[in-house]
Amino acid sequence: MIHQQTAAEIAEEREAEEAKQAGLKKDPFAGKKAPGWQYVIMITIGFLIVYLGAAKGFEPLLLIPIGFGTILVNIPGAGMGNPPDGMLNIIYSAGVGNEFFPMLIFMGIGAMTDFGPLIANPKMALLGGAAQLGVFFTLFGVALMNIIPGIDYNMLQASAISIIGGADGPTSIYVSGKLAPEMMAVIAVAAYSYMALVPMIQPPIMKLLTTKHERTIRMDQLRPVSKAERTLFPMLLLVLTILLLPPAAPLIGMLAFGNFVKQCGVVDRLSKTMENELMNIVSILLSLGVGSQMTPEKIINPNSIGIIILGLVAFAVATAGGIMMAKLMNLFLPKGKKINPLIGSAGVSAVPMAARVSNKVGLEYDPSNFLLMNAMGPNVSGVIGTAIAAGIFIATYGA
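Residues in the sequence shown are numbered consecutively from 73, following the working numbering.
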């Protein structure tokens, strides 16, 4: 007997085919409905996110639109997140689910970033690399979390969660979109929240792992970096990425493009557009798109709670990894060339917040010891390091 397809089955097949053609992965939560009281909880969470951004100053440029997206998508009967015509669904499909917006964000970050401190002191890249310890350490934490009843992560989800340790929101969105799109919303909110909480999370770890003497170590002023060096750096970075880790080329490529446009000095209009208007517009759309995924079936479950815990562990270990690498390097550096371990915590890619925290803690112990420029070296290398870690995960576990 020939099976007669119902209209619902035909519509589902058409939706799956359209998603495939658009490069989107099918949402495993599609069609699932949560109890009404859970929508009330999500709307409350949305208002809380807006409050944290507006009243507390926690990443307001991102958390405010994420919060509004959360509120709007959970309003009963509004249909703003419904496919195919809901406004928030259109935003998500157009640029978040296919990683388009995170790429544009990386281009803007490149146009805003000065790699001069890293070029002047290349060994600072080791601190940015060591901070990625938190990313990979979290993979082991996932195995332990799976012991808890109700929590079940596969390696794709574990990899996406681990990137939170790099304190890089766009990279977290990019990797989760590739490997675990069903967890993108909570991963993005966790990543941006921990970025905003850098001044609260890092100082206790920094003080715990360093001595008073280490916190007062003075570092030499960085040498001047020529325009030729600044211009060639993004091109060299791109070439090395293409040769050594092609899966990281999308992120590194957009970062290098934005930075080259800034440094070459012949297209100031493009550079200013990337830094300002385009960055602002894409940030709004990206954040609304992330908020559109903050629905009860995706958030109110044990796995999402586990993401919050694992993300915090990843971030803490990343901070510790950079500090311990600085202490290790000091064992081999001559007197007068020692590294202040406080700048190791700047190896996470929360630019420039982590570098400012390193400088602030240093000033508490020596008001005339300014570490900001030295801390920017590991800080910008952390951006590159997190993108490389993302490329490794995608190369290993991606489709």
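Glycine residues also receive a C-beta, built at the ideal position from the N, C-alpha and C atoms. Remember, it's a predicted structure, so these values are computed and weren't measured experimentally.
If you draw a straight line from the alpha carbon of residue i to that of residue j, how long is it in whole angstroms?
i: residue 454; j: residue 419; result: 5 Å
i: residue 412; j: residue 261; result: 32 Å
i: residue 200; j: residue 152; result: 41 Å
i: residue 178; j: residue 240; result: 10 Å
i: residue 131; j: residue 123; result: 11 Å
i: residue 310; j: residue 326; result: 9 Å
i: residue 296; j: residue 184; result: 19 Å
i: residue 243; j: residue 164; result: 16 Å
i: residue 410; j: residue 370; result: 48 Å
i: residue 238; j: residue 385; result: 11 Å
i: residue 398; j: residue 436; result: 20 Å
i: residue 382; j: residue 217; result: 9 Å
i: residue 263; j: residue 387; result: 9 Å
i: residue 126; j: residue 119; result: 10 Å
i: residue 452; j: residue 443; result: 15 Å
i: residue 284; j: residue 414; result: 11 Å
i: residue 298; j: residue 255; result: 43 Å
i: residue 393; j: residue 449; result: 16 Å
i: residue 405; j: residue 128; result: 42 Å
i: residue 220; j: residue 253; result: 23 Å
i: residue 208; j: residue 149; result: 42 Å
i: residue 340; j: residue 333; result: 8 Å
i: residue 272; j: residue 229; result: 27 Å
i: residue 191; j: residue 257; result: 35 Å
i: residue 158; j: residue 308; result: 43 Å
Please state whether the Cβ-Cβ distance between residue i and residue j is less than 8 Å.
i: residue 331; j: residue 182; result: yes
i: residue 391; j: residue 421; result: no
i: residue 401; j: residue 205; result: no
i: residue 139; j: residue 113; result: no
i: residue 320; j: residue 202; result: no
i: residue 187; j: residue 305; result: yes
i: residue 317; j: residue 456; result: no
i: residue 429; j: residue 440; result: no
i: residue 108; j: residue 169; result: no
i: residue 246; j: residue 323; result: yes
i: residue 265; j: residue 465; result: no
i: residue 267; j: residue 425; result: yes
i: residue 251; j: residue 408; result: no
i: residue 146; j: residue 111; result: yes
i: residue 302; j: residue 335; result: yes
What whole-angstrom Cβ distance do residue i and residue j have, given they're in contact under 8 Å?
i: residue 189; j: residue 445; result: 6 Å
i: residue 43; j: residue 294; result: This structure cannot settle anything about residue 43, because the visible part of the chain is limited to 73 through 471.
i: residue 143; j: residue 115; result: 5 Å
i: residue 288; j: residue 438; result: 5 Å
i: residue 141; j: residue 160; result: 6 Å
i: residue 233; j: residue 379; result: 5 Å
i: residue 356; j: residue 281; result: Wrong, their Cβ atoms sit about 38 Å apart, outside the cutoff.
i: residue 447; j: residue 467; result: Not a contact, Cβ separation roughly 30 Å.
Check whether the Cβ of residue i lies closer than 8 Å to any Cβ atom in chain C.
i: residue 118; result: Absence of chain C from the displayed structure is noted, only one protein chain being present.
Quick one: does the C-beta of residue i sit closer than 7 Å to a heavy atom of the ligand GDP?
i: residue 195; result: With respect to the ligand GDP, the structure shown offers nothing to examine, as it has no ligands at all.
Original post:
Hey, is the stretch 203–221 in contact with the stretch 354–361, meaning 3+ C-beta pairs nearer than 8 Å?
Top reply: no
Original post:
On the three-pair Cβ rule with 8 Å, is the stretch 165–177 touching the stretch 274–289?
Top reply: no
**OP:** Check whether the stretch 216–226 touches the stretch 375–390, taking contact to mean three or more Cβ pairs, one atom from each stretch, closer than 8 Å.
**Re:** yes
Subject >> the stretch 364–371 in contact with the stretch 337–354 per 3-pair CB rule at 8 Å >> reply: no
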